[in-house]
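2 protein chains.
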Amino acid sequence: MQEQYKNMPRLFVADDLAAGASFALNDGQAHYLCHVLRAKPGQSLRLFNGRDGEWCAVLREVTKKKVLVAVTEMTVPQMGVPNIHVLAAVVKKDAFETMVQKACELGAASFRPVITDHTVVRRVNTQRMAAIAQEAAEQCERLTVMDTHDVAPWRAALAALPEGTRVFTGVARSESVQSLTAALAGDIETPVAVLIGPEGGFSDAEKAEILQGIGHITPVALGPRILRADTALIAALSLVQAYAGDW
Amino acid sequence: MQEQYKNMPRLFVADDLAAGASFALNDGQAHYLCHVLRAKPGQSLRLFNGRDGEWCAVLREVTKKKVLVAVTEMTVPQMGVPNIHVLAAVVKKDAFETMVQKACELGAASFRPVITDHTVVRRVNTQRMAAIAQEAAEQCERLTVMDTHDVAPWRAALAALPEGTRVFTGVARSESVQSLTAALAGDIETPVAVLIGPEGGFSDAEKAEILQGIGHITPVALGPRILRADTALIAALSLVQAYAGDW
Numbered sequence: 097m098q099e100q101y102k103n104m105p106r107l108f109v110a111d112d113l114a115a116g117a118s119f120a121l122n123d124g125q126a127h128y129l130c131h132v133l134r135a136k137p138g139q140s141l142r143l144f145n146g147r148d149g150e151w152c153a154v155l156r157e158v159t160k161k162k163v164l165v166a167v168t169e170m171t172v173p174q175m176g177v178p179n180i181h182v183l184a185a186v187v188k189k190d191a192f193e194t195m196v197q198k199a200c201e202l203g204a205a206s207f208r209p210v211i212t213d214h215t216v217v218r219r220v221n222t223q224r225m226a227a228i229a230q231e232a233a234e235q236c237e238r239l240t241v242m243d244t245h246d247v248a249p250w251r252a253a254l255a256a257l258p259e260g261t262r263v264f265t266g267v268a269r270s271e272s273v274q275s276l277t278a279a280l281a282g283d284i285e286t287p288v289a290v291l292i293g294p295e296g297g298f299s300d301a302e303k304a305e306i307l308q309g310i311g312h313i314t315p316v317a318l319g320p321r322i323l324r325a326d327t328a329l330i331a332a333l334s335l336v337q338a339y340a341g342d343w
Numbered sequence: 097m098q099e100q101y102k103n104m105p106r107l108f109v110a111d112d113l114a115a116g117a118s119f120a121l122n123d124g125q126a127h128y129l130c131h132v133l134r135a136k137p138g139q140s141l142r143l144f145n146g147r148d149g150e151w152c153a154v155l156r157e158v159t160k161k162k163v164l165v166a167v168t169e170m171t172v173p174q175m176g177v178p179n180i181h182v183l184a185a186v187v188k189k190d191a192f193e194t195m196v197q198k199a200c201e202l203g204a205a206s207f208r209p210v211i212t213d214h215t216v217v218r219r220v221n222t223q224r225m226a227a228i229a230q231e232a233a234e235q236c237e238r239l240t241v242m243d244t245h246d247v248a249p250w251r252a253a254l255a256a257l258p259e260g261t262r263v264f265t266g267v268a269r270s271e272s273v274q275s276l277t278a279a280l281a282g283d284i285e286t287p288v289a290v291l292i293g294p295e296g297g298f299s300d301a302e303k304a305e306i307l308q309g310i311g312h313i314t315p316v317a318l319g320p321r322i323l324r325a326d327t328a329l330i331a332a333l334s335l336v337q338a339y340a341g342d343w
């Protein structure tokens, strides 16, 4: 991204983006530009839709009811994110929303909230989750929005991943468990997913299944200290991006 | 750590720990055990002091005014954390406190809040920061508490690091900047520090100094997306731990 575009507002739109295209922004975006940013006609912004790259556009009309934009030039060509996915046990609201935001920021392709034996919270506001993913994409300069899915039992969520996806999940360090970096080494092609357990960890029955490697799961260790769920998510995604992603 | 100790409360104490030692906990801990956990005499807990390893202890007396413990047996021998340090520009309270907590959880040896040209918040409650580090150490099973320092200008904080420490700081990806993993490769002995800039980034003058490599600084990239300060901290520490730490 060139320096001149850096401070322009950046919004996700559903419309097609091409030179000369013109359309109205949705009500939320109109409110944001009109009332929060107090934008005026002639001001520039950046738009992306997950398909056509990022484009510069100019505000043509700014009223309380309608904000019209005219698309001018492409600023960044379209590119995707690596084939890296997240399955995360639902935790309490603030921590869960942080996890959705961070997963998007760290370039995850998809996010699936899952239920495990020790999951206490079992409901997710999917609309809110999608809104958080969109906002994070706008802020972190992604050209796609992370796919967010309905909550599902963890075994069902595993089965819904792309065929052959390698799944890594953190378990307490022991002699039989390798580090995530060791487990990743030597394969940068196969899709990867990280499975983050609930605060109380997996149940003994789940642990037994995981240690037996169901669903292409490889148990791994993330160091000798106990990590909170959100820390484990960020740490695991960072290592996967560094070893098998686009870092 | 053995399974039988897992659910015992775990507290940091200043006292020496050895079989047979007996002492009173401080007022905050007495309140926590008495009123929050409603602990009773005979109940077990775990104690560590940063010097003597982790020990199991038994509550001997539990009143509103005094909680007495008797130390019984060592559960984990003393060990330190790698020579990995954090310098982080002060950000607004919640995000900053998260950064202190996460740095401790990820095994940083020390944390120095720093002021840069674009730092908006310039004051830190050092007592509160030390309390957060202690609580994080109690929860993540560390045997030492992360050292926390007073806020200082970033160049002064750099100068206070152990002699020869390699410092990595994130800058926007460009052809001349290598990834953190590439920069770390091949040296797992020298102390490492990560320098996290403020939300607004470094000023042009600071960037010029950093790109010239003052104070053993190596500019690195953490992927193609823009990371928030707290995400960058966790990502950088995870990679440093994986490559040059104890993961």
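Chains A and B are the protein sequences, given in the same order.
Per our numbering, residue 97 is the first one in the first sequence, and the count goes up by one each step.
Per our numbering, residue 97 is the first one in the second sequence, and the count goes up by one each step.
No residue lacks a Cβ here, since even glycine has one placed at the ideal position from N, Cα and C.
Would you tell me roughly how many angstroms separate the C-alpha atoms of residue i and residue j, rounded to the nearest one?
i: A/A301; j: A/I211; result: 14 Å
i: A/R106; j: A/W151; result: 9 Å
i: A/A415; j: A/N179; result: Lying outside 97 to 343, the shown extent of chain A, residue 415 of chain A is not represented and no answer is given.
i: A/V216; j: A/A289; result: 23 Å
i: A/A328; j: A/G266; result: 8 Å
i: B/A166; j: B/A114; result: 10 Å
i: A/T261; j: B/P173; result: 39 Å
i: B/C236; j: A/P320; result: 9 Å
i: B/D246; j: B/D190; result: 18 Å
i: A/R219; j: A/M195; result: 15 Å
i: A/F207; j: B/E157; result: 49 Å
i: A/K303; j: B/M104; result: 22 Å
i: A/I228; j: A/L291; result: 20 Å
i: A/A332; j: A/L318; result: 8 Å
i: A/L254; j: B/E231; result: 35 Å
i: A/R142; j: A/A153; result: 6 Å
i: B/R324; j: B/E295; result: 7 Å
i: A/L133; j: A/Q223; result: 24 Å
i: B/T159; j: B/T168; result: 21 Å
i: B/L307; j: A/L129; result: 36 Å
i: A/S272; j: B/Q100; result: 20 Å
i: B/T330; j: B/A126; result: The amino acid at residue 330 of chain B is misidentified as Thr; the sequence shows Ile. Between B/I330 and B/A126, the C-alpha separation is close to 33 Å.
i: B/H312; j: A/G297; result: 41 Å
i: A/A233; j: B/N122; result: 47 Å
i: B/G248; j: B/P209; result: Reading the sequence as shown, one finds Ala at residue 248 of chain B and not Gly. The straight-line gap from Cα to Cα measures roughly 7 Å.
i: A/W250; j: A/K161; result: 44 Å
i: A/S140; j: A/D243; result: 28 Å
In three-state DSSP terms, what is residue i?
i: B/T159; result: coil
i: B/H131; result: helix
i: A/H245; result: coil
i: A/T265; result: strand
i: B/L318; result: coil
i: B/T212; result: coil
i: B/H343; result: For the record, residue 343 of chain B in the displayed sequence is Trp; it is not His. Note: B/W343 maps to coil in three-state DSSP.
i: B/F298; result: coil
i: B/L143; result: strand
i: A/I310; result: helix
i: A/V196; result: helix
i: B/L164; result: strand
i: B/V154; result: strand
i: A/V172; result: strand
Taking the alpha helix (DSSP H) that residue i falls in, what are its first and last residues?
i: A/L276; result: 276–280
i: B/T222; result: 222–236
i: A/L254; result: 250–255
Am I right that residue i and residue j are in contact with their C-beta atoms under 8 Å? What's the rounded C-beta distance?
i: A/A185; j: A/N145; result: Their Cβ separation, rounded to whole angstroms, is 32 Å, which puts A/A185 and A/N145 out of contact at 8 Å.
i: A/L335; j: A/T277; result: 6 Å
i: A/V316; j: A/A256; result: Incorrect: roughly 22 Å between the Cβ atoms, too far for contact.
i: A/L155; j: A/A135; result: 6 Å
i: A/V342; j: A/G203; result: Reading off the sequence shown, one finds Asp at residue 342 of chain A, where the question assumed Val. Contact flag correct, Cβ pair sits at about 6 Å.
i: A/V241; j: A/F119; result: About 18 Å; that fails the 8 Å criterion.
i: B/S275; j: A/A281; result: In fact, because the Cβ distance is near 16 Å, the residues do not count as touching under 8 Å.
Return the first residue and the last residue of the beta strand (DSSP E) that residue i is part of.
i: A/A289; result: 288–292
i: B/V273; result: That residue, B/V273, is in no beta strand (DSSP E); it is neither H nor E in DSSP.
i: B/R106; result: 106–108
i: A/V182; result: 180–185
i: B/A120; result: 118–120
Got a sec: is the Cβ-Cβ distance from residue i to anything in chain E below 8 Å?
i: B/S206; result: The structure shown contains no chain E; the protein chains it does contain are A and B.
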